[in-house]
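Numbering (the numbering used here), first residue to last: 7 to 207.
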């Protein structure tokens with residue numbers, strides 16, 4: 007039987023953890039039997055089989071952890087950092103109810119700009135008011151207060167070009183001026199792109 011008081015480091019015969027020299031028991035599980043270097047063959051058959059299985063299991067766990075970390079690192083390197091769609095880069099249909107409005111909004115840095123276009127598809131040629139508000143004026147607009155838009159366009163179809171004079175959250179508002187009693191809803195197709203006005207030296 008291996009000597010559990012040996013002055014050499016060994017492995018616990020029960021859990022496989024490192025067994026310090028001169029220790030009375032395994033620091034992990036408390037078992038008193040240590041397997042010192044070269045002493046595996048002296049273990050009883052069933053103990054030797056158990057010890058071999060424990061060692062194999064520990065190696066398997068280490069390999070799985072290494073492979074998992076390697077895969078996570080490789081995946082991050084291949085996919086790159088996460089990307090987020092800018093709320094002012096859109097393409098889609100909007101239904102604007104009679105006497106109502108819809109809007110797109112998002113932060114815009116000073117001197118960056120939004121470009122795109124809109125078109126009333128149904129009813130064809132119906133008038134639509136396009137306005138741009140900053141965060142302060144939109145709050146007033148939404149509560150039916152006095153609000154001064156930065157941009158105003160009245161057209162059933164037009165190009166959108168808005169350069170932000172300063173950094174703020176801006177609102178691109180599409181207004182259906184038909185009275186609610188008419189029941190005339192506008193189906194509008196809108197495309198916008200956020201463009202950075204980056205100047206490289």
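Here a beta-carbon is modelled for each residue, glycine too, at the ideal position from N, C-alpha and C.
Per-residue burial, residue i [other beta carbons within 10 Å of its own, 16 or more giving buried]
i: residue 35; result: exposed
i: residue 131; result: exposed
i: residue 270; result: Absent from the model: residue 270. The displayed extent of the chain is 7 to 207, so no value can be given.
i: residue 123; result: exposed
i: residue 44; result: exposed
i: residue 152; result: exposed
i: residue 176; result: buried
i: residue 67; result: exposed
i: residue 11; result: Low per-residue confidence applies at residue 11: pLDDT is 45, beneath 50, and the placement is therefore not dependable, though the value from the model is reported in the following sentence. It counts as exposed.
Extent of the continuous alpha helix (DSSP H) run through residue i
i: residue 79; result: 51-85
i: residue 169; result: Element bounds for residue 169: not the alpha helix (DSSP H) but the beta strand (DSSP E), 163-169.
i: residue 147; result: 141-148
Inter-residue CB distance, residue i and residue j (contact presumed, cutoff 8 Å)
i: residue 19; j: residue 49; result: 7 Å
i: residue 127; j: residue 134; result: 11 Å between Cβ atoms; not a contact.
i: residue 94; j: residue 105; result: Going by Cβ atoms, the distance from residue 94 to residue 105 rounds to 25 Å, so no, they are not a contact pair.
Host beta strand (DSSP E) of residue i (start-end)
i: residue 101; result: 96-102
i: residue 18; result: 16-18
i: residue 160; result: 157-160
i: residue 125; result: 119-128
>> Can you confirm whether the segment 142-149 touches the segment 71-84 when touching is taken to mean that 3 or more C-beta pairs between the two stretches lie within less than 8 Å?
In response: With the cut-off at 8 Å, the segment 71-84 and the segment 142-149 do not touch.
>> Using 8 Å as the cut-off, can you tell me whether the segment 122-141 makes contact with the segment 155-164, which would need three or more C-beta pairs spanning the two stretches below that distance?
In response: With three or more CB-CB distances shorter than 8 Å, the segment 122-141 counts as touching the segment 155-164.
> Taking one C-beta from the segment 177-194 and one from the segment 92-107 each time, how about it: are there three or more such pairs within less than 8 Å?
Replying inline: With a cut-off of 8 Å, the segment 92-107 and the segment 177-194 count as touching, because enough Cβ pairs lie within range.
> Counting pairs of beta carbons, one from the segment 67-76 and one from the segment 162-176, are three or more of them closer than 8 Å?
Replying inline: Three or more Cβ pairs closer than 8 Å define a contact, and the segment 67-76 falls short of that threshold against the segment 162-176.
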